[in-house]
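Beneath this line is the structure, given in structure tokens, with notes to follow.
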Amino acid sequence: MKLVMLLFLEGDEKCVEGLLADLDIAVFSRVEVEGHGPAGSAGWYGSGAPYRSKMILIFTEDDKANAILTGVQACSAVEDPKHPIRAFLLGVEDTAACGCAPASSEQRGVD
């Protein structure tokens, strides 16, 4: 299982939604993000007014996660080329939830 984190400007939301729809990804979490940083800093940090951004978190299988990254790389029409849609792929080692008995090593696939 993988966690894919997408960061993008609010104006690129329709592009990201289209990408997820094309890949049949219907389950995800979306969060509004306000980026800040010192003047002259690069990347996702606003030097004056904050940038209105979004973050999407997707837990999915490895093949879908890789397809998302490939789809993001193919995106070309973004609101601001200095702030492209970014995707981060993180491995999920284990999970837990409150109110549930812990999974056994066998259930988690651990030797």
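For the sequence shown, this note's numbering assigns the number 1326 to the initial residue and increments by one for each residue that follows.
Every residue gets a Cβ at the ideal spot worked out from N, C-alpha and C, and that includes glycine.
Remember, predicted model here, so these are calculated numbers, not experimental data.
Go ahead and pull the three-state DSSP assignment for leucine 1345.
Looking at leucine 1345 - three-state DSSP - the assignment turns out to be helix.
Reduced DSSP category for glutamate 1404 - H, G, I as helix; E, B as strand; rest coil
Three-state result, glutamate 1404: coil.
Is aspartate 1347 closer than 9 Å to valine 1292 when the C-beta atoms are compared?
Because the chain in this structure spans residues 1326 to 1436, residue 1292 falls outside the shown range and cannot be described.
Where threonine 1420 falls: helix, strand or coil (DSSP):
Shown here, threonine 1420 sits in coil according to DSSP, grouped into three states, outside any helix or strand.
Measure the C-alpha to C-alpha separation of proline 1409 and threonine 1420 and round it to an integer number of angstroms.
Cα to Cα, proline 1409 sits roughly 31 Å from threonine 1420.
Who are the near neighbours of alanine 1392 in its chain, counting only those whose CB is closer than 8 Å to its CB and skipping five residues on each side?
The answer, listed in chain order, is Leu1348.
Residue nearest to lysine 1379 in terms of C-alpha spacing, selected from Glu1386, Leu1328, Ser1401, Ser1354
Residue Ser1354 holds the alpha-carbon nearest to the alpha-carbon of lysine 1379 among Glu1386, Leu1328, Ser1401, Ser1354.
Look at the alpha carbon of leucine 1342 and the alpha carbon of cysteine 1425, and state the distance between them as a whole number of angstroms.
For the record, residue 1342 in the displayed sequence is glutamate; it is not leucine. Roughly 33 Å between the two C-alpha positions.
Looking at the strands, I want to know which residues DSSP matches up with threonine 1385.
BP columns for threonine 1385 point to Lys1327.
Return the residue from the list Ile1350, Gly1360, Lys1327, Val1352 that minimises the CA-CA distance to phenylalanine 1333.
Here the closest residue by C-alpha is Gly1360.
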